[in-house]
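In the numbering used here, the protein residues as written are 2 to 288. Note that CB positions come from ideal geometry on N, CA and C, so glycine has one too. In this text the structure is predicted, and so the values were computed from the model without any measurement. Data first, discussion second: the structure below is written as structure tokens.
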Amino acid sequence: MKPTTIRLGGVPEHFNLPIHLAIENGDFRSRGLAIEWTTFKGGTGQMTKALREGEIDACILLTEGIIKDIVAGNPAKIVSGYINTSLIWGIHTGYKNDLKYHGEIYNRKYGISRFGSGSHLMAIVDATSQEKKLNKEQFSIIKNLDGALTSLEALDTDVFYWEKFTTKPYVDSGRLRRVGEFVTPWPCFMIAATESILEKEPDSMIRMLRTIHDRCDAFMQSDESIPMVANRYNLKEKDVERWYHATEWAIHGWVSDKMLRSVIHNLQVAEIIAHDDHIPELVWKRN
């Protein structure tokens with residue numbers, strides 16, 4: 002029988018290594034699935050757009066980003082958690098910049114991958130937590146990490162939020178300076194899928210999720226995971242060790258209603274979602 006094709010996407014970061022291992026080892030194919038992987042350097046905002054436009058069937062993206070976009074009308078649903086722990090965002094500036102401390106950033110120019118992306122939303126949530134308000138004019142779209150490096154070096158922007166360990170090689174080399182950190186106050190990554198694929202291929206989606214959960218479980222149990230991540234992603238093993246032991250992958254599809262309400266509350270406080278916005282069903286209810 003011909004395998005069912007599912008178009009799956011995610012960022013080019015170490016969090017997604019279990020999925021790449023499952024593809025390489027034939028785990029999906031053994032369950033009758035052919036996974037077509039797409040890398041999205043532009044992050045969550047780029048992926049929510051791809052879901053809306055039917056370019057992919059499912060993706061691994063930031064919790065706050067998919068919730069915000071479903072509320073805004075994206076015909077998609079959260080189908081599972083992926084990373085149960087919080088994301089540590091590094092707050093970065095360029096090596097030529099006179100910016101020194103986290104508390105000095107809130108009147109500066111922010112580089113973001115796009116509006117609605119994690120680099121955009123987290124900047125607002127962080128500022129709101131300090132009772133500061135950012136204006137739209139403070140944000141400049143730089144598309145991805147490569148764009149941020151160029152923009153920060155040219156002093157076109159001053160601040161950039163990105164996952165701490167992904168940017169660490171650039172901090173170590175002196176190309177970026179980390180002036181602070183911000184920890185996402187909820188589990189950081191979810192798996193989301195279009196309503197179309199959920200209606201057409203519910204059994205295939207369940208098999209995909211089981212495969213991901215099994216591989217994530219194996220990844221958390223393996224002694225080879227830390228050196229493998231360091232080698233594949235050009236990271237120092239001691240840095241990977243810290244990240245690995247602070248990260249927990251989901252091994253089932255349950256998503257907490259309380260967590261979803263907390264994210265919505267924070268997005269409303271940050272005025273990313275309006276208090277009177279209709280909140281649709283966010284999570285796929287399996288039949």
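- To the nearest angstrom, how far is it from the Cα of glycine 112 to the Cα of valine 172? Rounded to the nearest angstrom, the two C-alpha atoms are 17 Å apart.
- 7 Å Cβ cutoff met for glycine 44 and glycine 104: Not closer than 7 Å, so no.
- CA-to-CA distance, phenylalanine 190 to valine 284, given in whole angstroms: 14 Å
- Message: Can you tell me whether valine 12 is helix, strand or coil according to DSSP?
- Response: coil
- Which of helix, strand or coil DSSP assigns to histidine 93: Histidine 93 falls in the strand class under three-state DSSP.
- Query: Could you give the residue range of the alpha helix (DSSP H) that holds phenylalanine 220?
  - Reply: 203 to 222
- Which residue's Cα is closest to the Cα of methionine 209: Met2, Ala23, Pro13 and Asn17? Ala23
- Query: Can you pull the DSSP bridge partners for aspartate 35?
  - Reply: Here the sequence assigns alanine to residue 35, which means aspartate is not the residue at that position. Alanine 35 pairs with Thr6.
- Using the Cα positions of aspartate 58 and methionine 206, report the straight-line distance between them to the nearest angstrom. 10 Å
- Query: How about the region 12 to 28 and the region 156 to 173: do they share at least three Cβ pairs that are nearer than 8 Å?
  - Reply: yes
- Evaluate contact between the region 80 to 88 and the region 191 to 200, counting only Cβ atoms and requiring at least three cross-stretch pairs below 8 Å. Flag = yes, the region 80 to 88 and the region 191 to 200 touch.
- Out of Asp28, His21 and Phe140, point me to the one whose CA is closest to threonine 40's CA. Of the residues Asp28, His21 and Phe140, the one whose Cα lies closest to the Cα of threonine 40 is His21.
- Where are the beta strand (DSSP E) runs, 3 residues long or more, that stay fully inside the region 36 to 104, in chain order? 59 to 63, 77 to 84 and 89 to 95
- Message: I'd like to check one pair, aspartate 159 with lysine 97: are the Cβ atoms closer than 7 Å?
- Response: Their beta carbons are not under 7 Å apart, which means lysine 97 does not touch aspartate 159 by this criterion.
- Message: Closest to tyrosine 107 by C-alpha separation, out of Met123, Arg115, Thr195 and Lys237, would be which residue?
- Response: Met123
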